[in-house]
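S.K.: Numbered by the numbering used here, the letters in the sequence shown go through residues 19 to 556 in order. Next up is a structure, given as structure tokens.
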Amino acid sequence: MTRENQGARRFDILIIGAGFSGLYQLYRLRRLGFRVKLFDAGRDLGGVWHWNRYPGARVDSHVPNYEFSIDEVWQDWCWSERFPGWQELQRYFAHVDSKLKLKSDIEFNKRVTAAAFDEEECRWHLTCADGEIVETQFVLTCMGFAAKAHIPALPGLDRFEGHAIHTAHWPEAGIDLSGKRVGVIGTGASGVQVIQEAYKVAKELTVFQRTPMIALAMQQRQLSRESELAKKSSLKETFHIRNASSGGFHDLQMDERRAHEVSKVERDRVFEEAWAKGGFHFWTGSFSDIITDSRSNRLAYDFWRAKVHARVNDPATAEMLAPTEPPHPFGAKRPSLEQDYYEAFNHGNVTLVDLKKTPITAIEPQGVYTSEKAFDLDVLVLATGFDAGTGGFTQIDLRGTSGRTLKEIWQDGVDTHLGLGIPEFPNLLMLYGPQSPTAFWNGPASAEVQGDWVVNCLRHLRDNTFRRIEAKRDAAKAWTKHMEEMGARTLMPLADSWYMGANIPGKRRQMLFYMGSKSYMEHCNNSADNGYTGFELR
Ligand code: N01
């Protein structure tokens with residue numbers, strides 16, 4: 019023990035992050051008798067649902083897919099909406115805690131800023147923002163994929179005299195947009211949701227769009243307590259199907275035919291049916307070749323485009339929102355779900371600016387300047403996304419056995435074994451991290467299914483008196499290669515998406531998430547069944 023660490027608190031397992039994955043780990047590991055503690059930088063439970071409280075923030079995975087399958091949690095919980103908003107999700111997390119009593123082992127406002135592995139002691143030393151150093155044998159990162167906001171380097175942003183705010187940094191007290199001149203940069207899922215709310219109250223709303231979002235109909239519904247209670251008798255089966263599915267939804271089934279090979283009438287019938295179901299049905303619940311075959315993909319895009327044009331009054335605006343030529347293959351960027359996003363552009367107080375034609379040249383104290391004109395603003399919302407997958411890790415001074423930081427190592431590309439372990443970083447296991455299905459896996463399902471694998475692994479290590487687990491370099495290289503090959507069989511690499519790390523200037527372009535949680539878990543289970551192949555245990 020080094021001198022400065024004398025008296026440091028010591029744990030078997032330290033979990034970072036109090037979202038679905040972190041809470042599930044705490045729930046399971048505590049019951050197995052591990053000395054486990056959870057740290058979270060926020061003030062309360064929820065992970066992304068603690069931070070993302072901008073107007074309109076709501077989940078894009080419909081319930082009951084989006085909840086824990088733990089009996090004591092679901093039995094007396096009823097949702098009020100099919101796609102719940104952030105306030106209801108925060109209430110859900112409070113309910114989870116009231117049932118599982120997790121908070122007694124959670125410390126909030128506890129941001130981990132640095133971590134170094136001590137090879138001699140076979141233990142991690144973690145430094146927190148408040149100066150405390152703790153020691154732990156294992157670290158479980160449960161930080162989600164969106165732990166680091168992306169704030170683009172817009173010239174003059176710091177000089178803006180109004181309120182400039184990233185969607186993930188929205189203050190708990192809220193920001194009143196009523197009667198204000200509001201600008202929104204970014205039309206991803208966060209931008210779409212803010213825009214839908216802001217146009218109803220703002221004096222003027224200016225939407226700065228770089229790439230049009232291919233937004234799908236949410237088909238939101240209110241849920242009555244009676245209908246929720248009626249589902250309870252089949253919920254166990256629903257969760258079972260969900261956790262065994264590829265993607266973590268109990269009710270998203272693909273049509274195995276090729277979209278471009280069936281008749282137009284039949285194709286439209288399938289598309290309409292998926293559209294009416296709402297949510298991701300049109301993306302991952304219609305024809306299975308949409309994301310692999312450009313002909314089928316184009317047919318889906320054209321169907322979507324016609325839907326949008328039917329709702330937007332001004333044809334030029336409709337063309338900006340849903341251009342004749344797709345900005346990228348449909349679904350190769352995450353589609354967001356909308357309720358009245360397109361109708362917003364029929365209102366006189368809303369202006370759509372095409373940043374590809376008239377880019378932002380500067381942010382001035384009074385507002386945003388494009389190459390064409392100035393827009394005076396009171397509030398500038400940065401709905402500009404996240405350094406997804408890796409940003410949560412690289413913002414920590416995380417040093418493994420070589421002393422190099424993970425940030426330095428990942429500059430040349432991410433290599434992990436199964437998205438669970440990183441060479442040079444022993445006893446650190448990732449949940450919902452890069453190179454696992456994360457972006458293509460419903461969060462609570464992943465928390466439980468991938469989560470059970472991690473719990474079983476930790477139990478295996480303890481039962482067999484192993485002190486150390488580390489991903490092997492050749493296994494990690496092979497996993498990256500496998501992911502690239504899988505990605506290349508799809509249209510995913512053709513879009514500049516956060517799936518590819520391509521939304522962050524300078525970030526290495528690579529397939530960051532594994533497509534298909536079912537085959538992913540087969541790889542993980544094969545490894546475990548054969549003595550954790552690809553990992554070194556000692
Ligand atoms: O971020 P994004 P997000 N100048 O990266 C634009 C989940 N989520 O926070 O496409 C101008 O998707 C950028 O433009 P372009 C969900 O998985 C879920 O919206 O790069 N514009 C894009 O339009 C989602 O996919 C929910 O050309 C700039 C936007 O900012 C993920 O989080 C709700 C720019 C960023 O879109 C991320 O969504 C919210 C610049 N310099 C989020 N830089 C739900 O559950 C970036 N942009 C519903």
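The beta carbon of each residue, even a glycine, is placed where N, CA and C say it ideally should be.
Going straight from the alpha carbon of R316 to that of R228, what length do you get?
M.R.: Each residue's alpha carbon lies about 21 angstroms from the other.
S.K.: Using 10 angstroms around the beta-carbon of N70, count the other beta-carbons present and answer buried if the total reaches 16, otherwise exposed.
M.R.: Under this definition N70 is a buried residue.
S.K.: Please tell me whether, using a cut-off of 7 angstroms, the distance from the CB of S122 to the nearest non-hydrogen atom of the ligand N01 is below it.
M.R.: Result no, Cβ not under 7 angstroms from the ligand N01.
S.K.: Taking contact to mean 3 or more Cβ pairs, one atom from each stretch, closer than 8 angstroms, check whether the region 474-489 and the region 444-458 are in contact.
M.R.: Judged by Cβ distances under 8 angstroms, the region 474-489 makes contact with the region 444-458, as three or more pairs qualify.
S.K.: Which full runs of the alpha helix (DSSP H) of 4+ residues lie inside the region 270-340, going along the chain?
M.R.: Whole alpha helix (DSSP H) segments, 4+ residues: 282-295, 299-302, 312-327 and 333-339.
S.K.: Taking the CB atoms as reference points, tell me whether I213 and Y84 lie closer together than 8 angstroms.
M.R.: Not closer than 8 angstroms, so no.
S.K.: What are the start and end residues of the beta strand (DSSP E) that includes L555?
M.R.: Segment F553 to L555, the beta strand (DSSP E) holding L555.
S.K.: If you follow the beta strand (DSSP E) that Q214 is in, where does it begin and where does it stop?
M.R.: Premise fails: Q214 lies in the alpha helix (DSSP H), A207 to V219, not in any beta strand (DSSP E).
S.K.: Work out the CA separation of F267 and I309 for me, nearest whole Å.
M.R.: Cα to Cα, the separation comes out at about 18 angstroms.
S.K.: So, for D94: in the same chain, excluding its five sequence neighbours on each side, which residues have a beta-carbon less than 7 angstroms away from its beta-carbon?
M.R.: Once the five neighbours on either side are set aside, D94 has no close Cβ partner at all.
S.K.: The ligand N01 and L355: does any heavy atom of the ligand fall closer than 7 angstroms to the residue's C-beta?
M.R.: L355 Cβ: within cutoff of the ligand N01.
S.K.: Quick check: the Cα distance between R27 and L144, rounded to an integer number of angstroms?
M.R.: Going from the Cα of R27 to the Cα of L144 covers about 10 angstroms.
S.K.: Considering only residues of the same chain and omitting the five flanking positions on each side of H299, which have a CB-CB separation below 7 angstroms?
M.R.: Cβ within range, chain order: L270 and A292.
S.K.: Indicate whether L32 and V152 have their beta-carbon atoms separated by less than 8 angstroms.
M.R.: Yes, the pair counts as a contact, with Cβ atoms nearer than the cut-off.
S.K.: Taking the straight line between their C-alpha atoms, what separation do you get for T379 and F135?
M.R.: Using only the alpha carbons, I get a separation of about 45 angstroms.
S.K.: Taking the alpha-carbon positions, what's the L400 to P170 distance?
M.R.: So the alpha carbons of these two residues sit roughly 9 angstroms apart.
S.K.: Is it the case that the CB of I203 approaches a heavy atom of the ligand N01 more closely than 7 angstroms?
M.R.: For the ligand N01, at least one heavy atom lies less than 7 angstroms from the Cβ of I203.
S.K.: Would the region 524-531 count as touching the region 429-436 if we require 3 or more Cβ pairs under 8 angstroms?
M.R.: Taking 8 angstroms as the limit for Cβ pairs, the verdict is that the region 429-436 does touch the region 524-531.
S.K.: Go ahead and pull the three-state DSSP assignment for F458.
M.R.: F458 falls in the helix class under three-state DSSP.
S.K.: Looking at C-alpha atoms only, which residue of G297, E138, K198 and L41 is the closest neighbour of G349?
M.R.: Among G297, E138, K198 and L41, the Cα nearest to that of G349 is on G297.
S.K.: Rounded to whole angstroms, what's the CA-CA distance from M19 to S87? Just pull it up for me.
M.R.: Annotation note: pLDDT 43 at M19 (below 50); position unreliable, no value reported.
S.K.: May I have the straight-line CA-CA distance separating P345 from P230, to the nearest angstrom?
M.R.: In a straight line, the C-alpha of P345 is about 7 angstroms away from that of P230.
S.K.: Grab me the residues of I522's own chain with a C-beta within less than 7 angstroms of its C-beta, minus the 5 sequence neighbours each way, in chain order.
M.R.: Hits under 7 angstroms: H168 and D405.
S.K.: Please state whether DSSP places C542 in a helix, a strand or coil.
M.R.: Three-state result, C542: helix.
S.K.: Expressed to the nearest angstrom, what Euclidean distance is found between the alpha-carbon atoms of L449 and G469?
M.R.: Straight-line Cα distance between these residues: approximately 7 angstroms.
S.K.: In whole angstroms, what separates the C-alpha of M338 from that of W67?
M.R.: Taking the straight line joining both Cα atoms gives about 31 angstroms.
S.K.: Could you tell me which whole alpha helix (DSSP H) segments of length 4 or greater appear in the region 24-49?
M.R.: 38-49, all fully within the region 24-49.
S.K.: Check this for me: beta carbons of K490 and G552, under 8 angstroms apart or not?
M.R.: It is a contact, given that the beta carbons lie within the stated cut-off.
S.K.: Taking the straight line between their C-alpha atoms, what separation do you get for E150 and G40?
M.R.: Distance between the alpha carbons of E150 and G40 is about 21 angstroms.
S.K.: Please determine, among A294, A362 and D320, the residue with the shortest C-alpha to C-alpha distance to I343.
M.R.: Residue identity check: residue 343 is Glu in the sequence provided, not Ile. The option with the nearest alpha carbon to E343 is D320.
S.K.: Using DSSP's beta-bridge definition, name the partner residues of E448.
M.R.: At residue 448 the sequence reads Met, which differs from the Glu that was named. According to DSSP, M448 bridges with T159.
S.K.: With which residues is Q227 paired in a DSSP beta bridge?
M.R.: Answer is D372.
S.K.: Give the secondary structure of V54 by DSSP, where H, G and I count as helix, E and B as strand, and everything else as coil.
M.R.: The answer is strand: DSSP assigns V54 an E or B state.
S.K.: Are R276 and F257 closer than 8 angstroms when you measure CB to CB?
M.R.: Contact: no.
S.K.: Please look up how many angstroms separate the CB atoms of R417 and T423, rounded, as I've assumed it's under 8 angstroms.
M.R.: R417 to T423, Cβ: 6 angstroms. Contact.
S.K.: Considering only residues of the same chain and omitting the five flanking positions on each side of W301, which have a CB-CB separation below 7 angstroms?
M.R.: Excluding residues within five positions, the ones whose Cβ falls inside 7 angstroms are L234, G349 and P353.
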